[in-house]
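These protein sequences, in sequence, are chains G and C.
All residue numbers for the first sequence refer to numbering that gives the first Met the number 0, where the first residue is 0 and numbers rise by one.
All residue numbers for the second sequence refer to numbering that gives the first Met the number 0, where the first residue is 0 and numbers rise by one.
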Amino acid sequence: MTQKSAEELAKKQREISIAEFFEKNRHLLGFDNPRRALLTAVKEAVDNALDACEEARILPEITVELVALSETRFRMIVEDNGPGIIKKQIPNIFARLLYGSKFHKLAATRGQQGIGISATVLYGQLTTGKPATIISKTAANAKAQMMKLKIDTQTNLPQILEEKETEWEGKEHGTKIEVDLDGSYMKGRQSVDEYLKETAIVNPHCTIIYVTPEAQQIIFARSTNELPPEPKEIKPHPYGVELGRLIKMLEITQTKTLQQFLTDEFVRVSANVAKEICENSSLLPRTKPEQVSRDMAEKLYQGIQKTKIMAPPTDCISPIGAEELERGLRKEINAEFYCSTTRPAAVYRGNPFVIEAALAFGGEQDGESAVRIMRFANRVPLLYQQGACAITNSIQNTSWKTYGLQQSKNSLPVGACSVVVHMTSVWVPFTSESKEALAHYEEIVKEIKLALQDCGRKLASFVNKKRRIGDEAKKRSYIQKYIPHVADALKEIVGFDEIKKKEIEDNLFTMLEQVRGELEEIGVDNPDYDPELAKIGQDEEQAEPEETEEGPKKMKKSSKTKDAFGGDEDEEDDFDSEEEQDTLF
Amino acid sequence: MAKKKEGTEGKEVVKKIVNVADTMQQDIKKLKQPQIKIPLRALSNVEYSDKEGYFKLLPGVKERTLTASTIKTFAQTLRMMALSKQLLETDDIATKREAYYVSKNWGDARFLEQPESDNVMDDIEAMMTVNREQIGFIPEEKGGDVAGELIVIDVDPDTGKELEIDCTKFGSGAYSVPSSGEHLRFKTKAKFILAIETSGMFERLNKHKYWKNANCILISMGGVPTRACRRFIRKLADDHKLPVYVFTDGDPYGFGNIYRTLKVGSGNAAHINEYFCVPQAQFIGITPQDIIDYKLPTHPLKEIDVKKIRDLIKNDPFVIHHKSWQKALEQMAKMKQRAEQQALAAHGLNFVIDKYLPDKLKNNKTWLP
């Protein structure tokens, strides 16, 4: 065995660009299989569009078009009516990973890291070799700017292949992105269709016009002209800052003293609190931030933990609202009972957050399988990684038996029920960059469970009421059933005529039934239900019709073939979750 | 003559049934919720007095008012009463099982399981204070096996002629007690009746013609004696002034269920115990003291046996009345052991014939009341 010198090894050691890293680990960004890749691409583009519109206080109108170039290749075109992007920023936003406006601020926006849209461009470039085309217009009287962009994966810098000024007729302002990418289009609960529908449900202020790869146009029209309150930006809370970030903040701060640094860069730190922190850290308030060494920073970090600091303000986050959430659910599900709740704001690691939950019970839902879960974070639907999500876990660990659903220990409850949970926060903790599952923070799980329990209690009173009415109806049908038998037997024993028998029956009826009063009715009464909307995202065809003439042997064979092509919806889902587990551990 | 008597009895029962139904329909006419009253059939609703010699029904009744939740049972009870009336008027009978199947024509009022129909039948029986044979229903259960010095006088169902059945002439088999034996008469020179719990012991005694040497009548009860068996023994013992000796396993089931039911009847059928009991019965074995005296091989008492003993001492009016039974049961509870009839075989297969039974029959001080 020949030994290698450190110098030799050093030849192979070099910096890895972030772009290169994600090129190899695209599953971290949600591009792990063709079906999910298509969804992720649309999701990133739409999330950005909505954020841009809301930030500029414009009612969003977004067009999503998927053109099938072949079975496995699509052109995605997403256009918004946002404020547009100035020419200088276009390449950075669309063709540079980890570049964005949202990472350094804390506000309840959809995007967080500045990875999503450029990752989409990178994915398109990797699978088709083609650049992305961006057109943006910032004002009615300005010309639009067109650019064709690629990412240099080694340097993580944008490459501009073509740029020109162009006319964009009929558009006042907005941005449009066109990317060609490999993908796979299927319907179902994890489809683009479902994603856009759920987005429309929790963002009633936006209009989405969607052209499917089958060239079918679906319009999700806005149901309110009111924009949600502007997400307010807050500075980080001292409790939420890790040591590494603290050191970084000390490096880049413009402030002159440690005390000033603490009061200016953080929320809830007054001059007195800052002094207290310094005291608890054994540091002088007048220390210059650039002179704070690593050891001193660690002391400062410990000092922060020792100091009692007021919880961060919570007016910076705006929940959807229990009413609005419930209304969305009514559109989607035709049920007998709905309820919803919005928890008061709470804090995890210095980040304020709010949990909302809603339930739909009974009606046309399937009562034999596990409840349907709809998860949302900052108004974005989460369709993948259900099993890894704190929401799913919280549902599993809530005891639903007392609320009238079946449940075996630590698993999802079974029953005709849908559960919606929405978390909104200035910083939503995801388990990975693909942003599909909430991380398990104790405070968050606790809040989710409290919200679920609140809904559960309302559900229980409905289920009990339904049972009572059911029992009453049963008793009445009992009376109806047995009155003739009583009359008949009496007639047989005593021996009287039919007229008398009728009299006996009528009297029995008067005695038993009329004293019971009116029977309350429970049924589906939901004028908001939109069957057309509900159909979107459902599995295309409910399994193939069973071929009864074929023997069981042949049936088995045919289902095997289906597996091989991965055509079956459920199989696909299983496969996906398996893969997720691989990524997790 | 017996037949004629049954006929008038039948008419009386029909009258009672019609009365109950008529009261009900009059109530309904007045928009008054009809009620039926049924004597409460349970051990808690009986009393025991040595003079009478059987469990006597106390006045406790359960009232059932016609409401939404009782209407099904009401309908079924009335249907069953109608069936009973029909059976009595046509001089027919139905087994309990047959009655259950007849109910299958009642649509929604049909019974789903036979215990349901048996229960309704027992209710009607108690309501009319007659036994179920008198309301036209007969059980399927076997009455018991008889062997020994006895001639049963029965009637040929076709010709109406008398039949003499000699119970010594069944060889290794036995005469079977009919489900309804009110019409039977007997000829016998036997000195006593020996009622035996298990058919295994009965077969051993029959095979060796124990009845011949001892000049007795052997009756196998096969567990808790059926009504027919109790009635047969009672009638035979009454008619010929015969003592009745009972020989069971030495366990709480043998004492509390088999012997007690034979002697004083059951809580469930308290309304008819007067006729279905054998107050002259005496318990000869196996007593707890026998287990010691004869050094019998034993089995440990199970938890359920101990519970049964406690229950007998605390709740059974018969045991409460007899100190000696309480003592015997306490003794068994202390020993924590029980012994089967067959355990006597440990001293030789015919030990029971040669030694045990002769010994026991000679010494009435070893018996229990």
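Every residue gets a Cβ at the ideal spot worked out from N, C-alpha and C, and that includes glycine.
Whole angstroms is fine: what's the gap from residue i's alpha carbon to residue j's?
i                 : j                 : result
Gly284 of chain C : Leu300 of chain C : 18 Å
Glu289 of chain G : Glu250 of chain G : 6 Å
Ala146 of chain C : Glu132 of chain C : 25 Å
Asn362 of chain C : Gly347 of chain C : 22 Å
Ser269 of chain G : Gly115 of chain G : 37 Å
Tyr355 of chain C : Glu273 of chain C : 33 Å
Asp263 of chain G : Pro312 of chain G : 16 Å
Glu162 of chain G : Met145 of chain G : 6 Å
Ile216 of chain C : Ile16 of chain C  : 40 Å
Met422 of chain G : Leu257 of chain G : 35 Å
Ala359 of chain G : Phe461 of chain G : 11 Å
For the beta strand (DSSP E) that residue i lies in, which residues bound it at each end?
i                 : result
Ser48 of chain C  : 45 to 48
Val243 of chain C : 243 to 246
Thr391 of chain G : Unbroken run through Thr391 of chain G is the alpha helix (DSSP H), 389 to 395; no beta strand (DSSP E).
Tyr258 of chain C : Looking at the DSSP string, Tyr258 of chain C is not in any beta strand (DSSP E), and its letter there is neither H nor E.
Gln216 of chain G : 216 to 219
Thr223 of chain G : No beta strand (DSSP E) holds Thr223 of chain G; DSSP gives it neither H nor E.
Arg374 of chain G : 371 to 376
Ile207 of chain G : 206 to 210
Thr62 of chain G  : 60 to 67
Phe586 of chain G : Because chain G in this structure spans residues 0 to 584, residue 586 of chain G falls outside the shown range and cannot be described.
At a Cβ threshold of 8 Å, is residue i touching chain C?
i                 : result
Glu578 of chain G : Residue placement at Glu578 of chain G cannot be trusted, given a pLDDT of 37 that sits under 50; the coordinates are not used to answer.
Glu491 of chain G : yes
Lys480 of chain G : yes
Lys501 of chain G : no
Ala472 of chain G : no
Val485 of chain G : yes
Met554 of chain G : Unreliable positioning characterises Met554 of chain G in this predicted model, as indicated by a pLDDT of 39, which lies under 50. The coordinate reading is nonetheless provided below. With 8 Å as the cut-off, Met554 of chain G does not count as an interface residue toward chain C.
Leu511 of chain G : yes
Lys382 of chain G : Sequence inspection shows Leu at residue 382 of chain G; the Lys mentioned does not correspond to that position. Output row for Leu382 of chain G: interface = no.
State the start and end residues of the unbroken alpha helix (DSSP H) segment that holds residue i.
i                 : result
Ser116 of chain C : 113 to 127
Arg34 of chain G  : 33 to 54
Tyr440 of chain G : That residue, Tyr440 of chain G, is in no alpha helix (DSSP H); it is neither H nor E in DSSP.
Tyr53 of chain C  : Where Tyr53 of chain C is concerned, there is no enclosing alpha helix (DSSP H), although the beta strand (DSSP E) it sits in stretches over 53 to 56.
Leu381 of chain G : That residue, Leu381 of chain G, is in no alpha helix (DSSP H); its beta strand (DSSP E) goes 379 to 381.
Within 8 Å (strictly less), CB to CB, does residue i reach chain G?
i                 : result
Trp324 of chain C : no
Thr393 of chain C : No answer is possible for residue 393 of chain C: it lies beyond the span of chain C, which begins at 0 and ends at 368.
Lys10 of chain C  : no
Asp107 of chain C : yes
Arg78 of chain C  : yes
Ile27 of chain C  : yes
Lys15 of chain C  : no
Ala74 of chain C  : yes
Leu30 of chain C  : yes
Select from the options the residue whose C-alpha is nearest the C-alpha of residue i.
i                 : options                                : result
Thr126 of chain G : G:Gln158, G:Ser183, G:Thr137           : G:Ser183
Ile152 of chain C : C:Asp165, C:Asp144, C:Thr158, C:Gly143 : C:Asp165
Tyr122 of chain G : G:Val493, G:Glu22, G:Lys147, G:Ile482  : G:Glu22
Thr187 of chain C : C:Gln113, C:Tyr47, C:His239, C:Ala345  : C:His239
Asn409 of chain G : G:Lys400, G:Tyr337, G:Ala415, G:Glu278 : G:Lys400
Asp19 of chain G  : G:Lys42, G:Asp151, G:Phe73             : For clarity, residue 19 of chain G is Glu in the given sequence; the question names Asp instead. Ranking the options by Cα distance to Glu19 of chain G, first place goes to G:Asp151.
Leu226 of chain G : G:Glu446, G:Arg378, G:Val77            : G:Arg378
Lys71 of chain C  : G:Thr223, G:Ala486, G:Ile498, G:Asn525 : G:Ala486
Gly253 of chain C : C:Lys307, C:His270, C:Glu88, C:Glu302  : C:Lys307
Lys380 of chain G : G:Asn32, G:Val41, G:Gln2               : For the record, residue 380 of chain G in the displayed sequence is Pro; it is not Lys. The residue with the shortest Cα to Cα distance from Pro380 of chain G is G:Val41.
Gln88 of chain G  : G:Ser281, G:Pro157, G:Thr39, G:Ala5    : G:Pro157
Bridge partners for residue i per DSSP, in chain order?
i                 : result
Lys163 of chain G : G:Met145
Gly173 of chain G : G:Lys136
Ala280 of chain C : C:Val243
Thr94 of chain C  : C:Ile137
Phe191 of chain C : C:Cys215
Leu358 of chain G : G:Cys338, G:Val418
Ala345 of chain G : G:Phe352
Val151 of chain C : C:Ile164, C:Phe185
Along chain A, in chain order, which residues have C-beta atoms closer than 9 Å to that of residue i?
i                : result
Asp21 of chain C : Absent from the structure: chain A. Protein chains present are G and C.
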